[in-house]
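In this note's numbering, the protein residues as written are 141 to 278.
The structure is reproduced here in structure tokens:
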């Protein structure tokens, strides 16, 4: 799934304005997040057994993808991508996500995108979707 941003004024262009990473259960939202920014969180956790980590998504984030894997009967993993339109109170907040099991690893990345106008809604599209901007040639 890939988020497509829109506003009352029409489609927006998006610019990545910040990012952060974490190897813990939490990730700190960046200073400078504004109301109307698009937050995209990628959260990965695995285990040293075939147990798949429990899905945990920060408050007010919406899941776009939730993929699991058990590798050759030796380890389990989950990767969640989630999105949120910021309300302006997120800066410095501790966002709680997944934890690893039995010595596994956790990796989180938070990306902040800003539109040329304030983002007011998001529609998640399947990654295999295709769309055309403008009138294609016949």
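We treat Cβ as the ideally placed atom computed from N, Cα and C, and that holds for glycine.
Predicted model only: the values in this text are computed from it and were never measured.
Q. Should residue 172 go down as buried or exposed, given a rule of 16 or more other Cβ atoms within 10 Å for buried?
A. exposed
Check: Which whole-angstrom value is the C-beta distance of residue 224 and residue 201, which I expect to be below 8 Å?
Finding: 5 Å
Original post:
Nearest to residue 205 by CA position, among 190, 193, 181 and 192, is which residue?
Top reply: 181
DSSP state of residue 240, grouped into three classes? coil
* To do: Can you give me the start and stop residues for the beta strand (DSSP E) that residue 255 sits inside?
  => 246 to 255
* To do: Output yes or no for whether 8 Å exceeds the beta carbon distance between residue 231 and residue 170.
  => yes
*For residue 211, which three-state DSSP category applies?*
strand
Practice item. Report the rounded CA-to-CA distance for residue 226 versus residue 256, giving the unit in angstroms. Key: 15 Å
> Is it the case that the Cβ atoms of residue 250 and residue 159 are separated by a distance below 8 Å?
Replying inline: yes
Query raised in the report: Considering only residues of the same chain and omitting the five flanking positions on each side of residue 243, which have a CB-CB separation below 6 Å?
Result: 188
Review point. Of the choices 155, 238 and 265, whose alpha-carbon is the least far from that of residue 197?
Key: 238
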